[in-house]
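Here is the structure we will look at.
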Amino acid sequence: TLANPLRLGDSVEQIIISGDGSTLYLSSRLGGSYIARYSLLDGSSASFSAGTWPIPLRRDSAGNFLFSLNAWDGTLSVYSMTPSEILLGTIPLGIPAGSTDRLPDLAIDSTHKLAYAAYPEFGAVAVVNWETMQPITTINIPNAETGDTGGGPGQLQVMVNESARRLFVYEAKARTVYVYDTA
C-alpha cells in the first residue's frame, strides 16, 4: 500500500523484470553504460555491463537468460540469470557499431536460440545464435531509411513468432511490416 521512491541512476531507459518477478533490471546509456539489478525481495542492488549503450534489454521466455544489445558496440551480451548475472559471452553482430541516436530493437526466439537485432541506422536486422554465440546472417530491409535521420527508438521494430517460425519487422517510415520465414 506504500510507494517507496528509488534512486535509479541518471538515465534509466528501460526496466524489465526477471522470470520469477523478484528482480528488476534497468539499463542506462547516457548516465554511464550499465545495467542495474534491483532485488524486490531485499532491496539490494548492483550494476554490471559488458558493452556501451546496453539497450534494449530482453530475457528469454523462461527467465533463465538476460540479453543486452550493446547498441554502440554492435554486440549482444548473454547473461545466465541463475544463480546471478554471469556473462556467458558477447557476440559480434557482424554489422558496424552504432554511431547515432537511432536506437535498435531486439527480439528473442527462446525455442530456437536466436536473437534478432534491428538497427534502423543501417536498415538491417542482425541474426545471431545465442546458444553457439555465433552470428548467422544479416537481413537488409528493403528501402529502409538509413543514416542519422530521425533519432530515438521505434523506427525499426522486430517481433518473433517462435511456433510459426516467423520474424516480423516493422519499418515505421514506410509503414510497412516485412514477414520473414526464420526456418
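Everything in the sequence shown is counted per our numbering, starting at -11 for the first residue and increasing by one.
A virtual CB, placed ideally from N, CA and C, is assigned to each residue, including glycine.
Distance CB(residue i)-CB(residue j) smaller than 8 Å
i      : j      : result
Leu45  : Leu54  : yes
Phe36  : Glu1   : no
Val116 : Pro123 : yes
Ile127 : Leu144 : no
Asp48  : Ile96  : yes
Thr125 : Phe110 : no
Leu28  : Leu12  : yes
Asp136 : Thr99  : no
Bridge-paired residues (DSSP) for residue i
i       : result
Ala(-9) : According to DSSP, which records beta bridges pairwise, Ala(-9) is partnered with nothing at all.
Leu28   : Per DSSP, none; premise fails for Leu28.
Phe53   : Ser68
Glu159  : Leu144, Thr164
Thr134  : In the DSSP output, where bridge partners are listed per residue, Thr134 has none listed.
Leu12   : Ile5, Tyr26
Arg154  : Asn149, Asp169
Length of the line joining the Cα atoms of residue i and residue j
i       : j        : result
Arg90   : Asp30    : 36 Å
Ile4    : Thr(-11) : 22 Å
Met147  : Pro(-7)  : 33 Å
Ala171  : Asn131   : 24 Å
Pro71   : Ala38    : 18 Å
Trp60   : Ile79    : 13 Å
Gly9    : Ser33    : 15 Å
Val94   : Tyr26    : Before going on, a small fix: residue 94 reads as Leu here, not Val. The straight-line gap from Cα to Cα measures roughly 22 Å.
Arg163  : Val157   : 11 Å
Ser(-1) : Ala(-9)  : 21 Å
Met121  : Ala112   : 19 Å
Lys161  : Lys101   : 30 Å
Anticipated Cβ contact below 8 Å, residue i with residue j, distance rounded
i     : j      : result
Leu75 : Tyr67  : 6 Å
Thr40 : Ser15  : At roughly 12 Å, the Cβ-Cβ gap does not stay under 8 Å, so Thr40 and Ser15 are not in contact.
Pro92 : Ala106 : 6 Å
Ser6  : Gly51  : 6 Å
* **Three CB pairs or more closer than 8 Å across the segment 83 to 90 and the segment 150 to 158** => The segment 83 to 90 makes no contact with the segment 150 to 158: fewer than 3 CB pairs, one atom from each, lie closer than 8 Å.
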